[in-house]
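Notes for the one structure printed next.
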Amino acid sequence: MILEQYSAKAPFTSTHLLCLQEYTEDEILQILSLGLDLKKKLKEGTPHRLLGGKTLAMIFAKSSTRTRVSFEAGIFQLGGTALCLNAGDIQLGRGESVRDTAETISRMVDGIMIRTFAQQDVLELARYSRVPVINGLTDAYHPCQALGDMLTLYENKGAFRGLKLAFVGDGNNVCHSLMIACTKLGVSVSVAHPEGYAPDALVIEFARMNAKKTGCTVETGTDAVAAARNADAVYTDVWASMGREDEAKERRAFFSPYQVNETLMAAAKQDAVFMHCLPAHVGEEVTEGVMYGPQSVVFEEAENRLHAQKAVMAILMGKADGA
Ligand code: CP
Ligand code: NVA
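Its first residue numbered 1, the sequence shown is counted upward by one per residue in the numbering used here.
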């Protein structure tokens, strides 16, 4: 499969981007294919104002660098404009309901991106919104990150099927969305986590269901070296996610054997890439040598957030042809 020449098998029917499990493989490939096309257009200076005059509202209840900059720059490059709404500055932060926020904002803008704590709030926002809602990270999922990561994996490996990605660390939001994205595209996933920090059972079930369809495998366990063995990509994330900072000290003891260092990378394939959603705590979940070494593609992942999310916005907010 050549992503650049991918042609859609069916019309794009999803209205929102909530979790990614709701997307078909075809829909994900449409997004990635358009993302590559938009990346090429941006680099060669070809205008691609697919969302001229449209507005994206961005609600942030947690900090962000990549998500904020990539959505804001992205909508601007597509000819639209963004409103950055810190949850604490709007009435949502004073207790106005998610429902009323959705009813109000969605009458004024063409799309809403939200970064918050509870996945339920994103679902509630989508339920009452008249415009597409995009999940920009919750405690449970980070679908936009997974899409940027799949683009990065494709650019580095030239395919999806037959690859193996090892996720080493916390079974968190990033891990969940990667498990879903990989298995939808036929990439085998092996997760190694400390005892008590496994991915959610429902997500493992989603991944197994997807893997059955696409012919890949899903493994979870506590052995980091076994997970990394023969992997084409080794991925990690912080040991204490946003909202769990108070557990950082306690977690450090459990997670330190799961550091991605030169020895662990040596267990993977020789040409394996190192991946991280960022921000990273260098010296904790990853050594400086791996983070800034020749196998690291972490800043490509950050850049690809822009291109993948432009495709998501163009398709959802403009109903652009993803093919
Ligand atoms: N990876 C990611 O979502 O980064 P930010 O928290 O900086 O948006
Ligand atoms: N798991 C991290 C990802 C940050 C982009 C967090 O939720 O803080």
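For glycine and all other residues, C-beta sits at the position ideal for the given N, C-alpha and C.
Check	Outcome
Inter-residue CB distance, residue 50 and residue 126 (contact presumed, cutoff 8 Å)	So it is not a contact: roughly 22 Å between Cβ atoms.
Supposed contact pair residue 191 and residue 179 - C-beta distance, whole angstroms, cut 8 Å	7 Å
Residue environment, residue 46, which counts as buried when at least 16 other CB atoms sit within 10 Å	exposed
When 150, 116, 146, 124 are compared against residue 138, the one with the closest alpha-carbon	116
Residues of its chain near residue 161, where Cβ-Cβ distance is below 8 Å and the 5 sequence neighbours each way are ignored	1, 185, 186, 187, 214, 215, 216
Heavy atom of the ligand CP within 8 Å of residue 277 beta-carbon	yes
Rounded straight-line distance, which links the Cα of residue 158 to that of residue 164	13 Å
DSSP three-state assignment for residue 76, whether helix, strand or coil	helix
Outcome for residue 292 when other beta-carbon atoms lying within 10 angstroms are tallied against a minimum of 16	exposed
Backbone CA spacing between residue 255 and residue 246 [nearest angstrom]	15 Å
Start-to-end residues for the beta strand (DSSP E) that takes in residue 325	Because the chain in this structure spans residues 1 to 323, residue 325 falls outside the shown range and cannot be described.
Proximity winner among 287, 284, 105, relative to residue 91 (alpha-carbon distances)	105
Coil, strand or helix - residue 274 by DSSP	strand
heavy atom of the ligand NVA below 8 Å from residue 307 C-beta	no
Buried versus exposed, by CB contacts within 10 Å (16 or more), residue 78	buried
Proximity of residue 305 and residue 24 at Cβ, strictly below 9 Å	no
Residue from 307, 201, 107, 59 whose Cα sits closest to the Cα of residue 88	59
Terminal residues of the alpha helix (DSSP H) in which residue 177 lies	173-184
Burial state of residue 110, where buried means 16 or more other Cβ atoms lie within 10 Å	buried
Reduced DSSP secondary structure (H/G/I, E/B, other) of residue 195	coil
Alpha carbon of residue 102 to alpha carbon of residue 20, nearest angstrom	21 Å
Cβ contact check for the stretch 263-275 and the stretch 227-240: 3 or more pairs under 8 Å	yes
Burial state of residue 309, where buried means 16 or more other Cβ atoms lie within 10 Å	buried
Proximity test, residue 242 beta-carbon vs the ligand NVA heavy atom, cut-off 8 Å	yes
The ligand CP heavy atom lying under 8 Å from the CB of residue 63	yes
Check: residue 173 C-beta below 8 Å from any heavy atom of the ligand NVA	yes
First and last residue of the uninterrupted alpha helix (DSSP H) at residue 147	143-157
Inter-residue CB distance, residue 14 and residue 27 (contact presumed, cutoff 8 Å)	6 Å
Spatially closest choice to residue 100 from 30, 85, 129, by CA coordinates	129
DSSP state of residue 233 mapped onto helix, strand, coil	strand
Proximity below 9 Å, CB of residue 31 to CB of residue 207	no
Simplified DSSP assignment, three categories, for residue 104	helix
Through-space distance from residue 221 to residue 199, alpha-carbon basis	10 Å
From 56, 241, 183, 294, residue whose alpha carbon lies closest to that of residue 131	56
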